[in-house]
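These notes are about the structure you will find just below.
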Amino acid sequence: MARTPLEKIRNIGITAHIDAGKTTTTERILYYTGKSHKLGEVHDGTTTTDYMDQERERGITITSAAVTAEWKGHRINIIDTPGHIDFNIEVNRSLRVLDGAIFIIEGVAGVQPQSETNWRLADRYNVPRIIYINKLDRTGSDFFRAAATLTEKLGINWVALQIPIGAEDTLKGVVDLVTMKALVWEGDELGAKFHEAEIPDDLKEKAAEYRQKLLDTALAVDDAAMEEYFDKGDVSVETLKRCIKKGTISGEFRPVVCGSSFKNKGVQPLLDAVIDYLPSPVDIEGIKVAPEEGQDEDSDRRVIEVSEDGPFAGLAFKIINDKYGNLTFVRVYRGVLRTGDQVLNTTKGHKERIGRMFQMHADKREEIKEVYAGDIAAFVGLKDTGTGDTLADPADPVVLERMAFPVPVIDISVEPKTKDAIEKMTIGLQKLAGEDPSLRLRTDQETGQTILSGMGELHLEIVIDRLKREYGVDANVGAPQVAYRETITRPHTEVYTHKKQTGGSGQFAEVKIIFEPLERNQGIIFENQVVGGAVPKEYIPAVEKGIRVQADTGVLAGFPTVDFKATLVDGKYHDVDSSALAFEIAAKACFREGMKKAGPVILEPIMDVEVTTPQDHVGDVVGDLNRRRGVIQSQDMAGTSVIVRAHVPLKEMFGYISNLRGMTKGRASFSMQFHHYDPVPRQIADEIMAKSA
Amino acid sequence: MPVRLRWMRGRTEGDGPGHPDRTREWVGCDDAGEAIVRVVCVSGPIRVGWRLRHAVARDEEARVVELRPPVDRERRWLIVVGGRVVGRAALPLQAVRGAEAALGGG
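In order, the protein sequence lines correspond to chains W and A. Counted from 1, the first sequence has number 455 at position 181 by my numbering; the numbering is strictly sequential. Counted from 1, the second sequence has number 23 at position 22 by my numbering; the numbering is strictly sequential.
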């Protein structure tokens, strides 16, 4: 990899709601930076970053793809991410390792549900962002209305760096509010040239108003710029750019640019904005190390600064298996690594030797011999490194902050069509689950079936399709099932004695455990409060294991039990008859008995559903959502359409799309994403329990 | 007509460890260099009796002239003339314009 100074590198992601134009924008970027000489189109299935067969056939992005482009002496490493919520894990892990992002919103609908989810993810990882309002050539698009949704739905402080010239099919270009020049494109076609011009008369007032807003917002972050403004009544372009970059990185405000990637307008200024305002690896704070055991997430922790000096440290953020083997994508934060070097996987505690290294360009690869801080590269031949693991020089074995993964909400059972394919299927599914942390694989203890859990119907459909295409396994798939959970609603203390004497050495263990409900998404917490050696220390892990294993099969309908705390407070043991196994058995039985008395309930996933429908079908759509146990959250006008937002149980949403199409003659669309888990109503709980019995 | 004042940095405030201090007060002076208006944004918290207030404005002698229980991001900058708050704005430059307009009778 040719060395580019760190300050001239930009590691960025492109993220948005589905169909906002991420891949189309990426294709234009590759074209205008000279990386590709012909343009791929999503609708033709010819884009660079959508290289999987399924992506090209369906016209959607499924997996994030890394590409590199050069622009005005800078190297821009870009990750194009999927928009569909089922593949949100790709956005999650990409944002985790990027220094900045282009956040695309659509000029007609403005901020959409997936935009909100991705925005919150970027907030979690403190990723500086540029907002690009795309598709301003579309009928019904409106830059100012779309920008207003940034305030309404995201509650952010945004500032326009451009305003459009013309609208819909008369979109001609943009007014650059930093230089106060018009940028006018000379056509819609690929490679259309643009030139600078004076701001059109009819836009002068609007441009002056937005320029003042820009100055008000941007200069507030820089005292020296304020003084320059007081002295001269204005500031230089350099000063203004410095302020915009400072505010963008600190998150004080979010800059907004605009255009139409499909009509080839606005892409070059977007690239300028990337290098002017998004941070290089050295402009950001660095990466925190993971909290140590018992340390709070918010506690002050050591920060690894991005630098080529110092021992190597990198984070594995993506694994793919292809015909050449296992590829591990790594973001390098510190130091230099060369082929043949040995590193420590500090998350798992074992060494890995670096075989070959590649710079990836979507599915194409270029072999490289060394990687530097700030780079993103793919390593071949790592034996046991998973998504989120840290690779580091043993001289400073740091563990970098790990990633958080979403919870799967849909289960399907899978079995091969022929018995001899069982082993192939298991290997295939294990490899696919190894690539995708939002995919879980387990065996149902009661039925022996292989259960695959994922983020949605589309997610699991793609996995089964990949199983067939990449591993040659044709599988029968059960109907999608909601991934229910169980939990408890009140505290209960249970004592259980396990005693067995049938000749020979016996088994004895007694445990006293307090079970208490926790807030949602807390998982399972185990605490040992035994004093005076009532349960010897060596048996405590067995008690914890017993509870965790048994929690996989809840007491009501066999669903995993979550969000509870189990505190071991007392117990008894026998010098001869007690063993780890006896305590594990006692803990399992104590869980089964205790849970029944702690007010167990079944939880179901509730989805945030957004339906965009023509006005004349609003009544049908709302009525139908109510019948599906939905709770309407809002109804907002968007041009000639109405956006209905509701919380609806996932169980009621299977097959919704065909129903919606029928109801609205195909004129409405919808999207949904997981929102929270809620207890199911009594009657439905009874049905679920009867079915599981 | 808004009057044109000469503005200079006033009191500064830190955003916490690792962050440089920022000017949270701009002082508007007349041609004689006399301070006649301040735009100020002093974030709390400050304890008043048993209550904790999150935002305060102070006059030139550092006396509290206004307390606001919650942090109000939309109206953070206060225009203070002679110990009295005469206007508010979300951003310092807006407050400066507001101050010049207020002094000019606008």
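Built from N, CA and C at the ideal position, the CB exists for glycine as well.
- Item | Cut-off 8 Å between Cβ atoms - residues of its own chain near Ser554(W), not counting five sequence neighbours on either side | Here residue 554(W) is taken as the residue at index 280 of the first sequence, counted from 1. Counting only Cβ-Cβ distances below 8 Å, and skipping sequence neighbours, we find Leu280, Glu281, Lys282, Ile283, Arg284, Asp373, Gly648.
- By the 10 Å Cβ neighbour count, where 16 or more other Cβ atoms means buried, how is Glu224(W) classified, buried or exposed? This structure cannot settle anything about residue 224(W), because the visible part of chain W is limited to 275 through 967.
- Task: Evaluate the contact criterion for the stretch 619-635 of chain W versus the stretch 659-669 of chain W: three or more CB pairs, one atom per stretch, below 8 Å.
- Result: A contact is defined here as three or more CB-CB pairs under 8 Å, and the stretch 619-635 of chain W meets this definition with respect to the stretch 659-669 of chain W.
- Arg370(W) to Tyr399(W) span [Cα, whole Å]: For the purposes of this step, residue 370(W) is taken as the residue at position 96 of the first sequence. For the purposes of this step, residue 399(W) is taken as the residue at position 125 of the first sequence. Cα-Cα distance, rounded: 6 Å.
- Item | Same chain, Cβ closer than 6 Å to Ser945(W), neighbours up to 5 away in sequence not counted | If you number the first sequence from 1, residue 945(W) lands on position 671. Excluding sequence neighbours, Ser945(W) sits near Pro387, Glu884.
- Taking only the alpha-carbon atoms, compute the straight-line gap between Leu428(W) and Pro356(W) and give it to the nearest angstrom. Here residue 428(W) corresponds to residue number 154 of the first sequence, with the count starting at 1. Here residue 356(W) corresponds to residue number 82 of the first sequence, with the count starting at 1. Leu428(W) and Pro356(W): Cα-Cα distance of roughly 20 Å.
- Message: Quick check on Leu665(W): buried or exposed, where buried means 16 or more other Cβ atoms within 10 Å of its Cβ?
- Response: Position 391 of the first sequence holds residue 665(W). Counting Cβ neighbours within 10 Å, Leu665(W) comes out buried, since at least 16 surround it.
- Message: My output table needs one value for Phe679(W): the three-state DSSP class, helix, strand or coil.
- Response: The residue given as residue 679(W) occupies position 405 in the first sequence. Here Phe679(W) sits in coil by DSSP.
- The alpha helix (DSSP H) spanning Ala863(W) covers which residue range? Taking the first residue of the first sequence as position 1, residue 863(W) is located at position 589. 854-870 is the span of the alpha helix (DSSP H), which, as asked, contains Ala863(W).
- Apart from the five residues on each side of it in sequence, which residues of its chain come closer than 8 Å, Cβ to Cβ, to Pro834(W)? Numbered from its first residue, the first sequence carries residue 834(W) at position 560. Answer for Pro834(W): Arg759, Glu760, Ala825, Asp826, Thr827, Gly828, listed in chain order.
- Message: Looking at Leu715(W): is its Cβ nearer than 8 Å to the Cβ of Gly728(W)?
- Response: Position 441 of the first sequence, counting from 1, holds the residue named residue 715(W). Position 454 of the first sequence, counting from 1, holds the residue named residue 728(W). No, the pair does not count as a contact, with Cβ atoms beyond the cut-off.
- Message: What does the alpha-carbon distance come out to for the pair Glu801(W) and Ile821(W)?
- Response: Within the first sequence, residue 801(W) is the residue found at index 527, counting from 1. Within the first sequence, residue 821(W) is the residue found at index 547, counting from 1. Here the C-alpha atom of Glu801(W) lies approximately 11 Å from the C-alpha atom of Ile821(W).
- Message: Short of 7 Å in beta carbon distance, which residues of its chain neighbour Gly868(W), apart from the five on each side in sequence? Order them along the chain.
- Response: Taking the first sequence and counting its residues from 1, one reaches residue 868(W) at position 594. So the list reads His766, Glu768, Ile787, Phe789, once near-sequence residues are dropped.
- Task: Starting from the N-terminal side, write out each stretch of the beta strand (DSSP E) that is 3 residues or longer and does not extend beyond the stretch 768-820 of chain W.
- Result: Within the stretch 768-820 of chain W, the complete beta strand (DSSP E) segments at least 3 residues long are 781-791, 798-802, listed from N- to C-terminus.
- Message: What does the Cβ neighbour count give for Asn933(W), buried or exposed, with the cut at 16 atoms within 10 Å?
- Response: As a first step, residue 933(W) is located in the first sequence; it is residue number 659 there, counting from the start. Classification for Asn933(W): exposed.
- Message: Between which two residues does the beta strand (DSSP E) holding Ile37(A) run?
- Response: Taking the second sequence and counting its residues from 1, one reaches residue 37(A) at position 36. Unbroken beta strand (DSSP E) run through Ile37(A): 36-41.
- Expected contact under 8 Å - CB spacing of Lys296(W) and Asp354(W) to nearest Å: Translated into the one-based positions of the first sequence, residue 296(W) becomes position 22. Translated into the one-based positions of the first sequence, residue 354(W) becomes position 80. Your pair Lys296(W) and Asp354(W) checks out as a contact, with CB atoms roughly 6 Å apart and the cut at 8 Å.
- Task: On the DSSP bridge assignment, give the partners of Tyr646(W) in chain order.
- Result: To locate residue 646(W), count along the first sequence from 1; it is residue 372. DSSP, once it has assigned bridges, lists Val610(W) as partnering Tyr646(W).
- Item | Option nearest Tyr484(W) by Cα separation, candidates Met699(W), Leu792(W), Asp450(W) | One-based indexing of the first sequence puts residue 484(W) at position 210. That would be Asp450(W), whose Cα lies nearest to the Cα of Tyr484(W).
- Measure the alpha-carbon distance for Gln436(W) versus Ala481(W) and round it to whole angstroms. Locating residue 436(W) in the first sequence gives position 162, where the first residue counts as 1. Locating residue 481(W) in the first sequence gives position 207, where the first residue counts as 1. In this structure, the straight-line span from the alpha carbon of Gln436(W) to that of Ala481(W) is close to 9 Å.
- Message: Only counting the same chain, and skipping five residues up and downstream in sequence, which positions put a Cβ closer than 6 Å to that of Trp393(W)?
- Response: Against the first sequence, residue 393(W) aligns to sequence position 119. Within the same chain, Trp393(W) has close Cβ partners Leu428.
- Step through the CB atoms of chain W and report whether any lies within less than 8 Å of the CB of Leu92(A). Start at 1 with the first residue of the second sequence, and residue 92(A) comes out as number 91. True, the Cβ-Cβ gap to chain W drops below 8 Å.
- Query: Hey, which unbroken runs of the alpha helix (DSSP H) at 4 residues or more fall wholly within the stretch 316-365 of chain W?
  - Reply: Runs of alpha helix (DSSP H) with 4 or more residues, each lying fully within the stretch 316-365 of chain W, are found at 327-332, listed in chain order.
- Item | 9 Å Cβ cut-off: residues of chain W touching Arg10(A) | Counting from one through the second sequence, the residue named residue 10(A) turns up at place 9. Residues of chain W passing the Cβ test: Asp497, Met500, Glu501.
- First and last residue of the uninterrupted alpha helix (DSSP H) at Asp546(W): Walking along the first sequence from the start, residue 546(W) turns up at place 272. 541-551 is the span of the alpha helix (DSSP H), which, as asked, contains Asp546(W).
- Item | Tyr607(W) to Phe586(W) span [Cα, whole Å] | Translated into positions along the first sequence, residue 607(W) becomes position 333. Translated into positions along the first sequence, residue 586(W) becomes position 312. Computed Cα separation, rounded: 8 Å.
- Query: Does Leu601(W) come within less than 8 Å of chain A when only Cβ atoms are used?
  - Reply: Residue numbering aside, residue 601(W) sits at position 327 when the first sequence is read from its first letter. Taking Cβ atoms only, chain A never reaches closer than 8 Å to Leu601(W), which makes this a no.
- Query: Just curious, the beta strand (DSSP E) that Asn408(W) is in, first and last residue?
  - Reply: Numbered from 1 along the first sequence, position 134 holds the residue referred to as residue 408(W). 403-408 is the span of the beta strand (DSSP E), which, as asked, contains Asn408(W).
- Task: Measure the CB-CB distance between Phe527(W) and Trp432(W) and report whether it falls below 8 Å.
- Result: Along the first sequence, read from residue 1 onward, the residue named residue 527(W) stands at position 253. Along the first sequence, read from residue 1 onward, the residue named residue 432(W) stands at position 158. Yes.
- Find the residues of chain A that neighbour Leu493(W), judging by a C-beta separation of less than 9 Å, and give them in chain order. Looking up residue 493(W) in the first sequence gives position 219. Here the neighbours are Leu92, Pro93, Leu94.
- Item | Nearest neighbour of Ala840(W), chosen from Ala854(W), Asp849(W), Ala920(W), Pro815(W) [CA to CA] | In the first sequence, counting from the first residue as 1, residue 840(W) sits at position 566. Out of Ala854(W), Asp849(W), Ala920(W), Pro815(W), Pro815(W) has the C-alpha closest to the C-alpha of Ala840(W).
- Query: On the premise that Asp748(W) lies in contact with Pro690(W), defined as a C-beta separation below 8 Å, what is that separation, rounded to the nearest angstrom?
  - Reply: Locating residue 690(W) in the first sequence gives position 416, where the first residue counts as 1. Locating residue 748(W) in the first sequence gives position 474, where the first residue counts as 1. Sure, about 7 Å apart at Cβ, within 8 Å.
- Could you check which residue in Gln957(W), Val548(W), Gly447(W), Ser389(W) has the C-alpha nearest to that of Gly540(W)? Position 266 of the first sequence, counted from the first residue, corresponds to residue 540(W). Measuring C-alpha to C-alpha distances from Gly540(W) to each of Gln957(W), Val548(W), Gly447(W), Ser389(W) identifies Gly447(W) as the nearest.
- Reduced DSSP secondary structure (H/G/I, E/B, other) of Ala967(W): For this step, residue 967(W) is matched to residue 693 along the first sequence. Coil at Ala967(W), not helix or strand.
- Any Cβ of chain A within less than 8 Å of the Cβ of Asp508(W)? Residue numbering aside, residue 508(W) sits at position 234 when the first sequence is read from its first letter. Not an interface residue.
- Message: I'd like the span of the alpha helix (DSSP H) that includes Met937(W), first residue to last.
- Response: Taking the first residue of the first sequence as 1, we reach residue 937(W) at position 663. Counting along the chain, the alpha helix (DSSP H) containing Met937(W) begins and ends at 930-938.
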